[in-house]
Amino acid sequence: MQDFDPRRPSFRIAPRVVAGAAALFGLFIVWKATDTGSKPADPPQLSSAAVLALQHAAFTQAEAQPGFSRPENVAVKVLPGETLESAVERAGVAPDEAEQAVGLLSQAMDTVNIRAGMAFEAAIAKPRAERGHARLIGLSMRAGPAKSITLSRTFDGALRLRELQEQILDDTVAANGKIEGSLYESAARMGATPTITAQVVKLFSHKLDFQRDIQPGDDFKLVFNRKVTESGKTIETGDLEYAELHGVRFYRFERAGGSADYFDEHGKNIKGFLLRTPVDGARITSVFGKRRHPVLGYTRAHQGIDFGAGTGAPILAAGDGVVLEARRWSGYGNWLRIRHTGSFDTGYAHVSRYAPGIRPGVRVKQGQVVAYVGSTGLATGPHLHYEIWQNGQRVNPLGAKIPQGTVLAGAELARFRAEKARIDRLLGENQAMAAADTVVRR
Ligand SMILES: [Zn+2]
Numbered sequence: 001m002q003d004f005d006p007r008r009p010s011f012r013i014a015p016r017v018v019a020g021a022a023a024l025f026g027l028f029i030v031w032k033a034t035d036t037g038s039k040p041a042d043p044p045q046l047s048s049a050a051v052l053a054l055q056h057a058a059f060t061q062a063e064a065q066p067g068f069s070r071p072e073n074v075a076v077k078v079l080p081g082e083t084l085e086s087a088v089e090r091a092g093v094a095p096d097e098a099e100q101a102v103g104l105l106s107q108a109m110d111t112v113n114i115r116a117g118m119a120f121e122a123a124i125a126k127p128r129a130e131r132g133h134a135r136l137i138g139l140s141m142r143a144g145p146a147k148s149i150t151l152s153r154t155f156d157g158a159l160r161l162r163e164l165q166e167q168i169l170d171d172t173v174a175a176n177g178k179i180e181g182s183l184y185e186s187a188a189r190m191g192a193t194p195t196i197t198a199q200v201v202k203l204f205s206h207k208l209d210f211q212r213d214i215q216p217g218d219d220f221k222l223v224f225n226r227k228v229t230e231s232g233k234t235i236e237t238g239d240l241e242y243a244e245l246h247g248v249r250f251y252r253f254e255r256a257g258g259s260a261d262y263f264d265e266h267g268k269n270i271k272g273f274l275l276r277t278p279v280d281g282a283r284i285t286s287v288f289g290k291r292r293h294p295v296l297g298y299t300r301a302h303q304g305i306d307f308g309a310g311t312g313a314p315i316l317a318a319g320d321g322v323v324l325e326a327r328r329w330s331g332y333g334n335w336l337r338i339r340h341t342g343s344f345d346t347g348y349a350h351v352s353r354y355a356p357g358i359r360p361g362v363r364v365k366q367g368q369v370v371a372y373v374g375s376t377g378l379a380t381g382p383h384l385h386y387e388i389w390q391n392g393q394r395v396n397p398l399g400a401k402i403p404q405g406t407v408l409a410g411a412e413l414a415r416f417r418a419e420k421a422r423i424d425r426l427l428g429e430n431q432a433m434a435a436a437d438t439v440v441r442r
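For what it's worth, full-length UniProt numbering labels the leading residue of the sequence shown as 1, then goes sequentially.
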C-alpha cells in the first residue's frame, strides 16, 4: 500500500470514515449542506444501531489508514490577538489546510472578527511518523445557541461545510433530584439556569436555612419552563412553576390581576411569614402610637401592640427565624427578640417564662411556642407587648408595610386547584418514568 498523502486526497478514505468523523461531533437532527459541489443523494435514515456500527467501522477503517493514527478530538480556544487560521494550525494541521478550512467556514460565519476564547473542536489524524502535520478530519463549533457549523471530509477527501440548525422547542421540565454539591450545581444538572435556582433560593429563604437545613442527598423537585435545542441544551429558562424541598411546596399562580406569586398546596401565599396574632385567640388591647403610659403616667409613644391574655398563655413565634435575645430588658421585663428574613425582627415583652430550649442562636419555626404571657417589667397586668422591627426601627405591626399572607378563595382558589392538579400530574408522570427506568436497569 502506498503512503497516505494528506494534501492529495485519496479515495481510500471510505464514506464510513466521514460517518465516524460526523459522529465525533455528536448527533444533530437537522442539517443543511451548504457546499455547491456535486451533491450525493440524501443519506438513508439510519437506526441508532446502524449508526453505532458505522461509527465502529469508521474508527477501524481510520485505524487502518497507513501513515495516520485513529482520529482524535482536540479542543481549541482562540487566544487573544490570534487569527482563526493560526488557532486551527495549533490543532496540529498544516497551514494550507488551515487556510482552506477557514475559507470554507467564512461562508457560514464571520471568520475575521472573532473573539478570544471562542472554542471549537478539531478532529485530527496524526501522522504515524514523528514528523509531518496532522490531517484535519473535521471541525465543529457552535455559532449560536442553536447553530453549529462543522467541516468534515467527504468520501472524495474534500472538506465539506455543514450548518446545523437545531430546532428550538418549548419544554416543561419536571425533575426530581438529590442535592449533591450546592443547590446551584444540583439544579444545573436538571437543566435549570442560575436564574431559576436564584428564584428557588429566594422562595425557600422564608422557610429554610440553606446552610443548616440542606444536606447532601436531600430530595428536591422542580418544574420549570425552558427553551431547549433538540440536542438538549437549555437556551433560555422561563417561569419556575413549582419547587419542593423538605416537604415545603410552592406553586406558581397567576392572580386575577395578572401578577404571579407562589402559594403552598392550600393556596396560601408564602408572604404570610409573620403571624398576625402571636397569641392564640388574644385580642388587641392597645395599639401602636402615642398614649398615656399606664404605669409611668405620662404620654409617650407606644412602640408595639398589646394583646390581652392570661398569665401562662403560649406565645407563638410570629415567623421562622433565629432567637436574637432572650433576656431581662428593664421595663420590658423578660424580653424575647427573634430575627426573621427580610430584615424583620419580632419582639415579645413582659413574658413570664421562655419555652424550654429558647436561647439566643436557636432556630424557631412559625407558630412554635417560644414563651408564655406574663407581667414582668412595667406592666399593669398580664399581656403580651408585641413589636415588629424593620431595619432596626420599630414599625406598626398593623401597618401596611408588613408583608401579609393571602389565602386564595372562591373562583381564584378553583383556578389554583386546576393549576396545582396540572403540576401534580407532571410530577406524577415524571415519577412513573423514573420508576420505569429503575425497572429497566434492574
Ligand atoms: Zn405594650
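Just so it is clear, CB atoms sit at the ideal spot from N, CA and C, and this is done for glycine as well.
Cβ-Cβ distance between residue 443 and D306 below 8 Å: Any property of residue 443 remains undetermined from this structure, which presents the chain solely from 1 to 442.
In chain order, what are the residues with a CB under 6 Å from some non-hydrogen atom of ligand 3? In terms of ligand content, the structure shown lacks ligand 3 and carries ligand 1 instead.
For E325, which residues does DSSP report across the bridge? Indexing the sequence shown from 1 puts residue 325 at position 325. Bridge partners of E325: R337.
Give the straight-line distance between the Cα atoms of K420 and R70, rounded to the nearest whole angstrom. The residue given as residue 420 occupies position 420 in the sequence shown. The residue given as residue 70 occupies position 70 in the sequence shown. Computed Cα separation, rounded: 54 Å.
Using the Cα positions of I185 and V201, report the straight-line distance between them to the nearest angstrom. As a working note, residue 185 is residue 185 in the sequence shown. As a working note, residue 201 is residue 201 in the sequence shown. It should be noted that the sequence gives Glu, not Ile, for residue 185. Approximately 13 Å, taken between the alpha carbons.
A313 versus R327, H302, R153, A282, residue with shortest Cα-Cα distance: Position 313 of the sequence shown, counted from the start, is the residue given in the question as residue 313. For A313, the nearest C-alpha among the options comes from A282.
Taking 8 Å as the cut-off, does the segment 354 to 367 touch the segment 318 to 327 (at least 3 CB pairs, one atom from each stretch)? yes
Contact check, A101 vs L151 under 8 Å by CB: the rounded distance? One-based indexing of the sequence shown puts residue 101 at position 101. One-based indexing of the sequence shown puts residue 151 at position 151. Contact holds; Cβ gap of about 6 Å.
Can L426 and V223 be called in contact, C-beta distance under 8 Å? Indexing the sequence shown from 1 puts residue 426 at position 426. Indexing the sequence shown from 1 puts residue 223 at position 223. Cβ distance < 8 Å, so L426 and V223 count as in contact.
Start and end of the alpha helix (DSSP H) containing V201? Against the sequence shown, residue 201 aligns to sequence position 201. Start and end: 194 to 204.
Would you call the segment 230 to 244 and the segment 185 to 198 in contact, with 3 or more CB pairs under 8 Å? yes
For F263 versus F120, is the C-beta distance shorter than 8 Å? For the purposes of this step, residue 263 is taken as residue 263 along the sequence shown, with counting starting at 1. For the purposes of this step, residue 120 is taken as residue 120 along the sequence shown, with counting starting at 1. Not in contact: F263 and F120 (Cβ atoms no closer than 8 Å).
Drop a sphere of 10 angstroms on the beta-carbon of V374, count the other beta-carbons inside from all chains shown, and report buried for 16 or more, exposed for fewer. Walking along the sequence shown from the start, residue 374 turns up at place 374. Reading the sequence as shown, one finds Gly at residue 374 and not Val. The residue in question, G374, is buried, as its Cβ has 16 or more Cβ neighbours within 10 Å.
Spatial neighbours of E429 in its chain, beta-carbon cut-off 6 Å, leaving aside the 5 residues before and after: Against the sequence shown, residue 429 aligns to sequence position 429. Counting only Cβ-Cβ distances below 6 Å, and skipping sequence neighbours, we find nothing.
Give me the Cα-Cα distance between T234 and G342, rounded to the nearest whole angstrom. For the purposes of this step, residue 234 is identified with residue 234 of the sequence shown, where counting begins at 1. For the purposes of this step, residue 342 is identified with residue 342 of the sequence shown, where counting begins at 1. Roughly 32 Å separates the two Cα atoms.
Looking only at DSSP bridge pairs, what is L398 linked to? Along the sequence shown, one-based indexing puts residue 398 at 398. According to DSSP, which records beta bridges pairwise, L398 is partnered with nothing at all.
Candidates S148, A309, T346, of which the one nearest D280 by Cα: On the sequence shown, residue 280 is found 280 positions in, with the first residue counted as 1. Among S148, A309, T346, the Cα nearest to that of D280 is on A309.
I think V407 touches K268, with their Cβ atoms under 8 Å apart; what is that distance to the nearest whole Å? As a first step, residue 407 is located in the sequence shown; it is residue number 407 there, counting from the start. As a first step, residue 268 is located in the sequence shown; it is residue number 268 there, counting from the start. Right, their Cβ atoms sit about 5 Å apart.
Which partner residues of E130 appear in the DSSP bridge assignment? Taking the first residue of the sequence shown as position 1, residue 130 is located at position 130. None, per the DSSP bridge assignment.
For S286, which residues does DSSP report across the bridge? Working through the sequence shown from its first residue, we reach residue 286 at position 286. Its beta-bridge partners are D306.
Terminal residues of the beta strand (DSSP E) in which D170 lies: Walking along the sequence shown from the start, residue 170 turns up at place 170. D170 -> beta strand (DSSP E) spans 168 to 178.
Suppose you measure from the CA of G361 to the CA of R300; what does that come to, to the nearest Å? Counted from its first residue, the sequence shown places residue 361 at position 361. Counted from its first residue, the sequence shown places residue 300 at position 300. Their backbone Cα atoms lie some 32 Å apart in a straight line.
Could you have a look at P314 and say whether DSSP puts it in helix, strand or coil? Counting from one through the sequence shown, the residue named residue 314 turns up at place 314. DSSP places P314 in strand when its eight states are reduced to three.
Judging by CA-CA distance, which residue of I114, R328, Q215, L398 is the nearest neighbour of L79? For the purposes of this step, residue 79 is taken as residue 79 along the sequence shown, with counting starting at 1. The candidate whose alpha carbon is nearest that of L79 is I114.
If you measure between the beta carbons of V395 and Y372, is that distance less than 8 Å? Counting from one through the sequence shown, the residue named residue 395 turns up at place 395. Counting from one through the sequence shown, the residue named residue 372 turns up at place 372. Against a cut-off of 8 Å, the Cβ pair of Y372 and V395 comes out as no contact.
Would you kindly report the start and end of the unbroken beta strand (DSSP E) that includes L245? Translated into the one-based positions of the sequence shown, residue 245 becomes position 245. Here the beta strand (DSSP E) through L245 covers 234 to 245.
Beta-carbon proximity check, A355 vs G377, cutoff 8 Å: The count along the sequence shown starts at 1 and reaches residue 355 at position 355. The count along the sequence shown starts at 1 and reaches residue 377 at position 377. Contact: no.
Taking a contact to mean a Cβ-Cβ separation below 8 Å, would you say A188 touches E412 in this structure? As a working mapping, residue 188 is identified with position 188 in the sequence shown. As a working mapping, residue 412 is identified with position 412 in the sequence shown. Their beta carbons are not under 8 Å apart, which means A188 does not touch E412 by this criterion.
Assign L427 to one of three DSSP states: helix, strand, or coil. Sequence index remark: in the sequence shown, residue 427 carries index 427 (1-based). If DSSP states are grouped into helix, strand and coil, L427 belongs with the helices.
For A174, collect the residues of the same chain with a Cβ closer than 6 Å to its Cβ; drop the 5 residues on either side in sequence, then sort them by chain order. Against the sequence shown, residue 174 aligns to sequence position 174. Correct list, in chain order: V223, L426, L427, N430.
When the Cβ atoms of the segment 151 to 167 are set against those of the segment 124 to 133, are three or more pairs found closer than 8 Å? no
With 16 other CB atoms within 10 Å as the buried threshold, where does L274 fall? Here residue 274 refers to the residue found at position 274 when the sequence shown is read from its first residue. Buried.
Using the Cβ count rule (16 or more neighbours within 10 Å means buried), how would you classify L136? Counting from one through the sequence shown, the residue named residue 136 turns up at place 136. By the 10 Å Cβ count, L136 comes out buried.
Among all the DSSP beta bridges, which residues are the ones paired with L413? By 1-based counting over the sequence shown, the position of residue 413 is 413. Its beta-bridge partners do not exist; DSSP assigns none.
When you compare the CB positions of D213 and K178, do they come within less than 8 Å of one another, or not? For the purposes of this step, residue 213 is taken as the residue at position 213 of the sequence shown. For the purposes of this step, residue 178 is taken as the residue at position 178 of the sequence shown. No, they are not a contact pair.
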